[in-house]
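Residue numbers (our numbering), protein chains in the order written: chain A, 503 to 903; chain B, 5 to 288. Structure record follows, encoded as structure tokens.
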Amino acid sequence: MSGERVVYMDNNATTQAAPEVVAAMLPFFGEYYGNPSSMHNFGGQVGAKVDTARGQVAQLLGASPEEIVFTSCGTESDNTALNSALASQPGKRHIVTTRVEHPAVLNTCQGLAAQGYEITFLKVDRQGNLDLEAVAEAIREDTALVSVMWANNETGVIFPVPEIAEICAAKGVLFHTDAVQAVGKVPIDLDNTAISMLALSGHKLHAPKGVGVLYIKKGTPFVPFIKGGHQEHGRRAGTENVPYIIGMGKAAELARTRMDEENTKVKALRDRLETGLLEIEATMVNGDPDRRLPNTTSVSFEYVEGESILLHLSSQGICASSGSACTSGSLEPSHVLRAMGVPFTAAHGSIRFSLSVYNTEADVDHILANMPGIIERLRAMSPFWAKYQKTQCNTPGYVEP
Amino acid sequence: MWEYTDKVKKYFTEPVNVGEIPDADGVGEVGSLACGDALKLTFKLDEQGRIADAKFQTFGCASAIASSSALTEMVKGMTLEEAEKLTNKDIAEFLGGLPKEKMHCSVMGEEALQAAIRNYKGLEPLPSEEGEVVCQCFGVTDKEIEKVALNNDLHTVEEITNFTKAGGGCGECQDKIQAVLDRLWDTAPQQPVEVKPPAAKKKKLTNIQKMKLIEETLEREVRPALKADGGDIELIDIDGDKVLVSLRGRCSSCAASQATLGQFVQSKLREFVSEDLVVEEVKP
């Protein structure tokens, strides 16, 4: 691979730390090593920089700085939100969430279920959309929290989170959203929503891995998840990871200025890639094409298996991911695609491309130049492709390959 | 990312013997689209009864493709008696090893070869004494588990999952797998059996809600999987918690066909509708 070109389209997995972010962080590994909690100026000046970062994040989210808590990652933020909602309302033992959440919420909820809490997992339709009436119906007297992701990491499908938050507020129930994939791509103005808590992750946003944020709306009952010192106004103990928090702040500032680019340039690249891929026979897009992140496409190549596609792509320097069983680390394909009822023929051959502002037209060209050949090779050795062709050969427009 | 040996990578990127022998003497098909991997093996014998040619078609990951291609190389020149003795272990060794989570790919190779030999002999694809289905998600029987465990000296549920997929779906059969292992190795359980957290309790449904949900679940969760393998399902009636269905076609090559199919439908309905449902098959 060395020296060869790399086309990175796996930005929903992680992103490149922006050079501006890395530059902003570097002094805090060196001369500015003071503890932000110290009484002396040497530490205090670092504390001021942490607060600058807090302001940058607040501005991106349309929130107040005091509502921003820095954590170690998105998963910690999600765990904190779920556990805090239960710990701060001891009589309430029910959580509503969806079947398509990220494991940070899904597995945490399953763990809570094992401890005796009751969890309602809402289903989605074939397009990956939620039924808002079902959300309202699922809320009970003893519901402590509704937790619904803002945008799906696998398909990019966006849920109407501000509306769901209103439904919850009307019933007096706390609402949390895992917005890890949405922040920086979807306009967010938390002051004007009823969202109680929101999780975001630095490394999906061109900050480095190892820093996250939990937004906690003023007035939300809260019990810390990590207990100890008084850092983060007593809401998250542990000495602040200063360089990463500075990086998070810079990344938030960049994201605010790049939001338009995500929704114009990046979206146009994604659309051209998707249109090109759909020219390959027996392909389909997973997820509602009209309610999606601008950077994500999940395309299924029927009758071939995802890991095989990924390895061939990788040999061409192309980085993507798959919802197939062989790559999910389990023996069944992605829980998201299964919840949507994507047929097995397609779920095993699903490939997710997720772009960033660093992608170019040449990147799209490179993928479109390689993908048809890869699919053709794998289909040529698939026992199901021959069967499929026998049943399709009378279809008008079908061309003998 | 899996750590594949250079030989696995080579057989994946440049597979040999891809295709189908048109006038094959033996044809073996195992796996299915629903299961995530499948292999069709065909072979031709020479006048001395040795395997003169073998070809494969595989749907699956890199190790499935590599295992299939390696298998076709290995069996060439073998008599059927020799080929019958070939095990998944031989395939994995030929490839310089497979990641443990991928051993089931080598087992698929062994099973396809056995099925092709049985086909040549005019027998059913699977031995008649196929045993009792233990894993309903992947249709794996106790006999298969025992065979793989003996051939590969497997003692834990996790190992069985790596080699056969059994227990790797919903996970409900993991204690049954442990029981098969205990019986086989004549041991008491050495480690606590992993128990999955109980599923969240569902609200009691009205009859109409239940009927609607059953129909939806069949449409969304069951029919696509069956259709992928050329089968279909029809809802005949719902009588209390009894769901009467008619199944057509079959999961042609899954280790356990009709019996498993009923169990598959039942497990999906229990997952999505109600724990109390019982599926009964009505013969058309």
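The beta-carbon is built from N, C-alpha and C at its ideal position, and this holds for glycine as well.
For V725 (chain A), none of the residues of chain B pass the 7 Å Cβ criterion, the least Cβ distance being about 23 Å. Of all residues in the stretch 46 to 63 of chain B, the ones placed with a Cβ closer than 7 Å to any Cβ belonging to chain A are Q61, T62, F63, in chain order. Under the DSSP assignment, L584 (chain A) falls in the alpha helix (DSSP H) whose first and last residues are 576 to 589. Listed as beta-bridge partners of F855 (chain A) by DSSP are A:T799.
According to the DSSP assignment, E285 (chain B) belongs to no alpha helix (DSSP H) but to the beta strand (DSSP E) extending over 282 to 285.
When 9 Å is used as the limit between beta carbons, S836 (chain A) is near no residue of chain B, the shortest such separation being about 12 Å.
Taking the beta carbon of Y805 (chain A) as reference, the chain B residues within 8 Å of it are L37, F63, listed in sequence order. With a beta-carbon spacing of about 6 Å, R738 (chain A) and T573 (chain A) fall inside the 8 Å limit used to define contacts.
The stretch 217 to 229 of chain B makes contact with the stretch 268 to 286 of chain B: 3 or more CB pairs, one atom from each, lie closer than 8 Å. Any Cβ of chain A closer than 8 Å to the Cβ of K151 (chain B) would place that residue at the interface, and such an atom is absent. Taking 8 Å as the cut-off, the Cβ atoms of N861 (chain A) and V768 (chain A) count as close. Around the beta carbon of Q213 (chain B), fewer than 16 other beta carbons lie within 10 angstroms, which makes this residue exposed. Listed by position along chain B, the residues whose Cβ is nearer than 8 Å to that of S884 (chain A) are Q61, T62, F63.
Under the three-state reduction of DSSP output, V675 (chain A) falls in the coil class, being neither helix nor strand. The alpha helix (DSSP H) runs of length 4 or more contained entirely in the stretch 16 to 80 of chain B are, from start to end of the chain, 66 to 79. In summary, M541 (chain A) is exposed, with fewer than 16 beta-carbon neighbours lying within 10 Å of its beta-carbon over all protein chains present. Taking 9 Å as the upper bound on Cβ-Cβ separation, chain A lies near residues Y8, K13, F16, T17, P19 of the stretch 8 to 20 of chain B. Nearest CB-CB separation between L833 (chain A) and chain B: below the 8 Å threshold. E755 (chain A) has its alpha-carbon roughly 58 Å from the corresponding atom of A183 (chain B).
Interface with chain A (8 Å Cβ-Cβ cutoff): R224 (chain B) is included. Inclusion of V682 (chain A) and K706 (chain A) in the CB contact set at 8 Å is warranted, their separation being smaller than that value. When secondary structure is reduced to three states using DSSP, T160 (chain B) falls in the coil class, being assigned neither helix nor strand.
Below the 8 Å Cβ cutoff, chain B contributes no neighbours of T777 (chain A), its closest Cβ being approximately 26 Å away. Residue pairing from DSSP places F572 (chain A) in a beta bridge opposite A:V715.
Inclusion of A116 (chain B) and L185 (chain B) in the CB contact set at 8 Å is not warranted, their separation being larger than that value. Not flagged as an interface residue toward chain B: F530 (chain A), since no C-beta distance is shorter than 8 Å.
By the CB criterion at 8 Å, F727 (chain A) and N609 (chain A) fall outside the cutoff.
Chain-order list of chain A residues neighbouring A74 (chain B): empty, with the shortest C-beta distance near 14 Å, by a criterion of under 9 Å. Secondary structure of M786 (chain A) (DSSP, three-state): strand. Ranked by how close their Cα comes to the Cα of S852 (chain A), the residues A:P796, A:L780, A:A701 have A:L780 in first place. Per DSSP, reduced to three states, the secondary structure at K14 (chain B) is helical. Two segments are said to touch when three or more pairs of C-beta atoms, one from each, lie closer than 8 Å; by this definition the stretch 161 to 179 of chain B touches the stretch 140 to 151 of chain B.
Within chain A, the residues whose beta carbon sits less than 9 Å from that of I69 (chain B) are E807, S810, L880, M883, listed in sequence order.
About 7 Å separates the Cβ atoms of V286 (chain B) and V249 (chain B), confirming a contact at the 8 Å cut-off.
Identification of chain A residues near D41 (chain B) by a Cβ-Cβ cut-off of 9 Å yields E807, A827, C828, H850, ordered along the chain. Taking a contact to require three or more Cβ pairs closer than 8 Å, the stretch 620 to 640 of chain A and the stretch 650 to 661 of chain A qualify as touching.
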